[in-house]
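The structure under discussion appears below in the form of structure tokens.
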Amino acid sequence: VRTGLPDVRPPRPAPLIDTGRVEQQLRGVTLAAALVAVWLLLVLAWQGLRPGRRTPFAAAQRDLRRLLRNATSLAGARAAVQRVHRAFDEAAGQRLFSAGVAAFCQRMGADATLEKRTESFFGVSQTLFFAVTGSGDAAPAAVPDGLARELAELCRAWRKFEGRHP
Numbered sequence: 150v151r152t153g154l155p156d157v158r159p160p161r162p163a164p165l166i167d168t169g170r171v172e173q174q175l176r177g178v179t180l181a182a183a184l185v186a187v188w189l190l191l192v193l194a195w196q197g198l199r200p201g202r203r204t205p206f207a208a209a210q211r212d213l214r215r216l217l218r219n220a221t222s223l224a225g226a227r228a229a230v231q232r233v234h235r236a237f238d239e240a241a242g243q244r245l246f247s248a249g250v251a252a253f254c255q256r257m258g259a260d261a262t263l264e265k266r267t268e269s270f271f272g273v274s275q276t277l278f279f280a281v282t283g284s285g286d287a288a289p290a291a292v293p294d295g296l297a298r299e300l301a302e303l304c305r306a307w308r309k310f311e312g313r314h315p
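The numbers in the working numbering rise by one with no breaks, and the one at position 159 of the sequence shown is 308.
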């Protein structure tokens, strides 16, 4: 036993800190985060369930908005035309060539006006990609006037058709 040491005092309780305000803030932030998460899930579910967003020409129309900004250049015009071709391929379930346009339109139930516009598109596409000179050499094709407007109108018409004939 040692002598001369002070007496040991009993431990006293630690002072309490008021955490009520911090807990209230934490509950508020948690509630706000949960509400934002629920809202985001609802928005994503709504966009995924809307039938117009999943159709080939609806997707092509969205993509064309970006692609048509560069449609004045030959490469930009070709990219836009290829995007519309991809929409036709998706709608047909296979590659669609100009020879199969009439059968495709008949199978889809498209009217004669839409069929004529589609055949016109395929003709412009062939000229844009496969233009040749009289000697048979490949010629650099020029971008047809009004191509951007024609592509946008064709996609819009087919999108409306898809909406009426799911």
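For every residue, glycine included, the Cβ atom is placed at its ideal position computed from N, Cα and C. These figures come from a predicted structure and were not determined experimentally.
Separation of residue j from residue i, as counted between CA atoms
| i | j | result |
| --- | --- | --- |
| R256 | L263 | 13 Å |
| R235 | A261 | 22 Å |
| A186 | A208 | 26 Å |
| A226 | L296 | 8 Å |
| L216 | A224 | 10 Å |
| D238 | V192 | 29 Å |
| A182 | L190 | 12 Å |
| L277 | R214 | 20 Å |
Status (buried if at least 16 other CB within 10 Å, exposed otherwise) for residue i
| i | result |
| --- | --- |
| E302 | exposed |
| G283 | Because G283 carries a pLDDT of 48, less than 50, the predicted location of this residue cannot be relied on, and the following value inherits that uncertainty. It is exposed - the Cβ of G283 has fewer than 16 other Cβ atoms within 10 Å. |
Cβ-based neighbour list, residue i, same chain, cut-off 8 Å, excluding 5 preceding and 5 following
| i | result |
| --- | --- |
| Q231 | none |
| G249 | A241 |
Where the alpha helix (DSSP H) through residue i begins and ends
| i | result |
| --- | --- |
| V273 | 261-279 |
| V230 | 223-241 |
Neighbourhood of residue i by C-beta distance below 6 Å, restricted to the same chain and skipping five residues each side
| i | result |
| --- | --- |
| S247 | F271 |
Neighbourhood of residue i by C-beta, 7 Å cutoff - its chain only, sequence neighbours within 5 removed
| i | result |
| --- | --- |
| R308 | T204, F206, A207, Q210 |
Does the contact criterion of 3 or more C-beta pairs under 8 Å hold for the segment 164-182 versus the segment 262-276? Taking a cut-off of 8 Å for Cβ pairs, the segment 164-182 and the segment 262-276 do not touch, as fewer than three such pairs fall below it.
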